[in-house]
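Step one of this worksheet: look at the structure below.
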Amino acid sequence: MGQGRPRAPAGHNREESNTMNAKTARRTLMFGSITTIVLALVGVAVVTAAGIAGWEYSNSNAFCATMCHDVHPEEIAAHKVGAHARVNCVECHMGRTSTLHLMALKPTHAKELWGMIVGYERPITSGTLRPSREACESCHYPAVEHHDSVAVKVHYGTDPESSETRTKIVLHTGMDVIRQGYTKGIHWHIQNEVTFASPDPQRREIPWVSVKKPDGSKVTYIDAGSKLTVPQIEKLEKRVMACYDCHNSVGHPFTNPANIVDEAIRLGRIDRSLPEAKARAVALVNALPDITGETKDREAKVDKLIADATAKANTPAENKQAEQKFNKAMREILLAASFREKGFSWKSFPNHTGHADTPGCFRCHDGKHYNDKGEAIRLQCTLCHALPEVTREKGKGSVASLVPDKAGEKQPESHQRPNFMHTHSDDVGPECEKCHGTPLKHGKQGGNFCANPACHGRTWPGMDLTAEPPKKAAAEPAKGPEPAKAAEPAKKG
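1123 is the number of the first residue of the sequence shown in this note's numbering; add one for each residue after it.
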């Protein structure tokens, strides 16, 4: 009878059991640890992805337009068709800067939440924007030389043929080239320190201007026609001029509807063969104040307005196709130019670039901003552009500024006087005819140098050459506090 295997001691079995339990525990711990780490990493990844997505959305136009600023939906629509349609709201209103900087700026806008609860002012305005170097100059490199450019404006008359007028103008944009020994172009204003004050948030009125000269001295100009007193002007916030103090509507421009009609005729969207096309379009544009409400309401009003106008026009059968094109174009124009709420129009959002429809340049170069010597801020037309050249289908246009043998000569010193524009019409004489031709007769119908229809054929908003300079004050002119550097976060908008 064989013997069985020897029984292991009880202690040995316990050691094996403990070893197995320890290995199992280690495996369990390791598995649990790995699982925890993986879940934590997944959680961190999800939270990070959600945070990035949330951050990106909070910087999107959709967030700004629908979640925050559904105050003026027309501004959003204007942005979509403007030259900066692919520039996000935050790139101008918060600047193109580092993410950490943007994160630090975001909380400063929390105060705007109150505006969403109780309502914003209308029209909404931007108290301050980011500095130009963080916004405009991230695309528009300031060191690049800007050469002169040629602009051609086409307008159509309200006569039966909608006669065409073309105005060609050479814009002196850059400031690196000295022209005729006395002007350096439009961008002189940002290459030099110009400080100003305005009592209204849209800066339509500028009663106080200070210019720092190359030698460090400053010259102050005060609007002689301002209703504000010197003490009141001194209390106004002073700002150093930046790009957007003139280019204030580049993000969401509101164009004069009459100019949009001109462009539609030029592009063929409105057929000039249609009798009185421009006059009929202007009549429809004049009805814009009554076209308000939500989109469907405005569409119904526009359709009825156009239908009534079509019936009244009684267009001949041979022009029916042109009539249909006209109706389609005017429907688009009227809907784009109408506003949801009453009391608003394109005029509620002034464009300070130029000086055709709003004062713009003439907020300062208006003929009534004088220094303590009685010298006005210069407003010679050729400071920022050449004299306009006008060609008209009907009537005379402009003539050459100079006779051929005087072309290219430097202007006389008299033309550079600060108050030259105030007296130039009274100074006309034989000496003028030597350069500008003969005869010289003031007018607006063209035919001679002093009758340029682009200059004298209209009223310029804001310009006043009749205001008397204020008497010299014994005390120093209004200086005001230290200027704000236009580098604060946007207040509204």
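We put the CB at the ideal spot given by N, CA and C, even for glycine. Since we're looking at a predicted model, the values are computed, not measured.
- Query: What are the boundary residues of the alpha helix (DSSP H) that includes Arg1500?
  - Reply: Where Arg1500 is concerned, there is no enclosing alpha helix (DSSP H), given that its DSSP letter is neither H nor E.
- Task: Take Glu1515 and list the residues in its own chain whose beta-carbon comes closer than 6 Å to its own, dropping the five residues that flank it on each side.
- Result: Ser1285 and Glu1286
- Using 8 Å as the threshold, is the stretch 1352-1370 in touch with the stretch 1384-1401, meaning 3 or more CB pairs across them? no
- Could you say if the stretch 1250-1269 and the stretch 1356-1366 meet the contact criterion of at least three C-beta pairs nearer than 8 Å? yes
- Item | Secondary structure, beta strand (DSSP E): runs of 3+ residues fully inside the stretch 1342-1392 | 1360-1362
- Reduced DSSP category for Ile1291 - H, G, I as helix; E, B as strand; rest coil: strand
- Message: In the DSSP assignment, the alpha helix (DSSP H) including Phe1318 goes from what residue to what residue?
- Response: Here Phe1318 belongs to no alpha helix (DSSP H); instead the beta strand (DSSP E) covers Val1316 to Ala1319.
- Item | Range of the contiguous beta strand (DSSP E) that encloses Arg1628 | Shown here, the chain extends from 1123 to 1615; a query on residue 1628 therefore has no answer.
- Taking only runs of the alpha helix (DSSP H) that begin and end inside the stretch 1501-1563, which ones reach a length of at least 4 residues, in chain order? 1542-1545 and 1552-1558
- Task: Note down the Cα distance separating Glu1555 from Pro1472, rounded to an integer number of angstroms.
- Result: 39 Å
- Task: Determine, using beta carbons only, whether Leu1358 and Ser1320 come nearer to each other than 9 Å.
- Result: yes
- Task: Would you please state the rounded distance, in angstroms, between the beta carbons of Pro1379 and Ala1459? I believe it to be under 8 Å.
- Result: 4 Å
- Message: Taking the alpha carbon of His1215 as the reference point, which residue from Leu1457, Ser1182, His1558 and Leu1505 has its own alpha carbon closest?
- Response: Ser1182
- Kindly indicate which three-state DSSP category Ser1470 falls into: helix, strand or coil? helix
- Message: Between Asp1384 and Val1276, how many whole angstroms is the CB-CB distance? I'm expecting something under 8 Å.
- Response: 6 Å
- How many angstroms separate the CA atom of Asp1425 from the CA atom of Thr1432? 10 Å
- With C-beta atoms as the reference, is Arg1244 less than 9 Å away from Phe1466? yes
- Query: Where does Ser1271 sit, in a helix, a strand or coil, going by DSSP?
  - Reply: strand
- Item | DSSP beta-bridge partners of Tyr1242 | In DSSP, Tyr1242 forms no bridge with anything.
- Is it true that the CB of Leu1501 sits closer than 9 Å to the CB of Asp1488? yes
- Task: Kindly give me the distance between the Cβ atoms of Glu1267 and Gly1296, rounded to whole angstroms, as I take these residues to be in contact under 8 Å.
- Result: 6 Å
- Message: Which residues does DSSP list as the beta-bridge partners of His1277?
- Response: Thr1287
- Query: Can you tell me the Cα-Cα spacing of Arg1628 and Thr1377, whole angstroms?
  - Reply: Since the first residue shown for the chain is 1123 and the last is 1615, residue 1628 is missing from the structure and cannot be characterised.
- Task: Have a look at the DSSP bridge pairing and note the partners of Lys1334.
- Result: Lys1340
- Count the other CB atoms, across all protein chains shown, that sit within 10 Å of the CB of Trp1236; report buried if there are 16 or more and exposed otherwise. exposed
- Item | Closest Cα partner of Lys1447 within the set Lys1434, Ile1387 and Cys1506 | Ile1387
- Query: Counting Cβ pairs closer than 8 Å, one from the stretch 1228-1242 and one from the stretch 1405-1421, do we hit at least three?
  - Reply: no
- Could you work out which residue in Ile1382, Asp1345, Leu1406 and Arg1325 is closest to Asn1370 when comparing CA atoms only? Arg1325
- Query: What residues are listed by DSSP as bridge partners for Tyr1086?
  - Reply: Any answer about residue 1086 is impossible in this case: the structure gives the chain only from 1123 up to 1615.
- Task: Take every Cβ of the stretch 1577-1594, pair it with every Cβ of the stretch 1489-1500, and state whether three or more of those distances are shorter than 8 Å.
- Result: yes
- Top-ranked residue by Cα proximity to Asn1381, from Ile1246, Lys1434, Ala1498 and Ile1455: Ile1455
- Hey, quick one: how far does the alpha helix (DSSP H) through Cys1577 stretch, first residue to last? Pro1575 to His1578
- Shortest alpha-carbon distance to Pro1229 belongs to which of Ser1180, Pro1592, Ser1348 and Cys1577? Ser1180
- Message: Using 8 Å for Cβ pairs, my map puts Glu1197 next to Phe1461. What's the rounded Cβ distance?
- Response: That belief does not hold up - the Cβ atoms of Glu1197 and Phe1461 are roughly 10 Å apart, past 8 Å.
- Is DSSP giving Cys1186 helix, strand or coil here? helix
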